[in-house]
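Below is one structure, written out as structure tokens; the observations come after it.
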Amino acid sequence: MFELKKNDLIQKFQFQQPVSYHAESIKRVSHLANQPLRKASVLVGFIERPQGLSVVLTKRAKHLKHHPGQISFPGGKYEESDPSLLYTAIRETQEEVGISPEHIDIFGQMPELITVSHFSVTPVLAFISPSYSMSIDRNEVDEAFEIPVSFMLDKKQLHSHLFTINQNSHRVFALPYKNHFIWGMTAQIIQAMQQHIMATN
Numbered sequence: 001m002f003e004l005k006k007n008d009l010i011q012k013f014q015f016q017q018p019v020s021y022h023a024e025s026i027k028r029v030s031h032l033a034n035q036p037l038r039k040a041s042v043l044v045g046f047i048e049r050p051q052g053l054s055v056v057l058t059k060r061a062k063h064l065k066h067h068p069g070q071i072s073f074p075g076g077k078y079e080e081s082d083p084s085l086l087y088t089a090i091r092e093t094q095e096e097v098g099i100s101p102e103h104i105d106i107f108g109q110m111p112e113l114i115t116v117s118h119f120s121v122t123p124v125l126a127f128i129s130p131s132y133s134m135s136i137d138r139n140e141v142d143e144a145f146e147i148p149v150s151f152m153l154d155k156k157q158l159h160s161h162l163f164t165i166n167q168n169s170h171r172v173f174a175l176p177y178k179n180h181f182i183w184g185m186t187a188q189i190i191q192a193m194q195q196h197i198m199a200t201n
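Now the structure itself:
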């Protein structure tokens with residue numbers, strides 16, 4: 001299992017080289033680079049537990065238009081009334097799973113990630129107080145849970161699959177956890193975090 005302490009996490013994502021996403025993932029959406037994209041952000045929220053760090057994930061409601069039923073970090077679309085994408089991540093986290101902003105302490109962010117659904121998503125890194133309480137909005141989220149960082153950032157747990165559509169190759173990352181299957185954008189973010197931590201060790 002991979003072990004990571006709070007201070008190590010801060011150091012690696014505040015003072016080290018920038019995080020980069022997998023080259024094939026970037027190439028897959030390169031045709032969208034000059035198209036109008038909708039801004040969004042997600043909260044990668046770390047919690048200090050006696051057994052180590054964990055991260056909050058959600059299972060999106062099945063009736064949602066974008067990525068129904070998928071495992072994701074809490075977050076959503078940027079609204080014009082939002083002063084920043086950092087605010088968007090905090091607001092959406094409170095709306096989706098009821099975690100109060102006073103329990104969220106932002107310490108960094110990752111580069112924007114362009115998705116096939118025409119979003120430009122900024123992952124926001126934060127610590128969540130272990131004393132937080134959760135109140136799930138069932139209109140947006142079916143379930144919320146914590147995953148140990150020792151599992152999430154363990155490279156041996158992440159699977160990579162290459163498949164072809166219309167003669168174009170696409171690489172998809174996936175992370176099975178208990179009865180959940182984490183893939184898509186969430187797995188891309190996890191893969192980038194894994195690579196960044198390995199590169200800065």
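Numbering of the sequence shown is given in UniProt numbering, commencing with residue 1 and proceeding in unit increments. Here a beta-carbon is modelled for each residue, glycine too, at the ideal position from N, C-alpha and C.
| Query | Result |
| --- | --- |
| C-beta contact flag for N139 and A61 at 8 Å | yes |
| Identified DSSP bridge partners for F163 | H170 |
| Per-residue DSSP class, three states only, for E112 | coil |
| Proximity below 8 Å, CB of L85 to CB of K39 | yes |
| Helix, strand or coil at G184 according to DSSP, with G and I counted as helix | helix |
| Whether V121 touches G52 by CB criterion (8 Å) | no |
| Residues bridged to S84 [DSSP beta-bridge criterion] | S84 is not bridged to any residue. |
| Three-state secondary structure (DSSP) of A126 | strand |
| Same chain, Cβ closer than 6 Å to K156, neighbours up to 5 away in sequence not counted | none |
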